Amino acid sequence: MVVLTRPVSELDEIGTTFGLSAAGQRCVYCGELTHDPAILWSGGEGSQIYIHAECVDNFCTSLLRDMRECLTL
Ligand SMILES: [Zn+2]
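If you read the sequence shown in the working numbering, its first letter stands for residue 19, the second for the next number, and so on.
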């Protein structure tokens with residue numbers, strides 16, 4: 019599941035969207051602190067990665083390059 023994060027100030031009182039802020043997290047690609055909005059990707063067993071929107075293009079390019087290399091081995 020991929021969602022956009024939101025600042026804590028925009029979360030509702032009962033916390034329906036609690037946990038979706040990227041504040042204090044690190045971008046999986048560049049390692050810098052993330053800020054809202056960012057992209058949150060939840061894996062199959064509860065793992066979560068945060069990534070800046072600006073980093074997605076380079077991340078995907080690198081991922082595709084590695085995938086192609088892996089498939090040719
Ligand atoms: Zn980044």
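The beta-carbon is built from N, C-alpha and C at its ideal position, and this holds for glycine as well.
It should be emphasised that the depicted structure is a prediction, and the values quoted were computed from it without experimental measurement.
Residues sharing a beta bridge with residue i, DSSP
i   : result
S65 : Bridge partners of S65: none, in fact.
S60 : Q66
C45 : Y68
Residue i - DSSP class collapsed to helix/strand/coil
i   : result
L51 : strand
S80 : helix
L22 : strand
L89 : helix
Other residues of its chain near residue i: CB distance less than 8 Å, five sequence neighbours each side excluded
i   : result
A71 : P55, A56, I57
Q66 : L58, W59, S60
Same chain, Cβ closer than 6 Å to residue i, five either side skipped, listed in chain order
i   : result
T23 : L38, S39, A40, D54, P55, A56, L58
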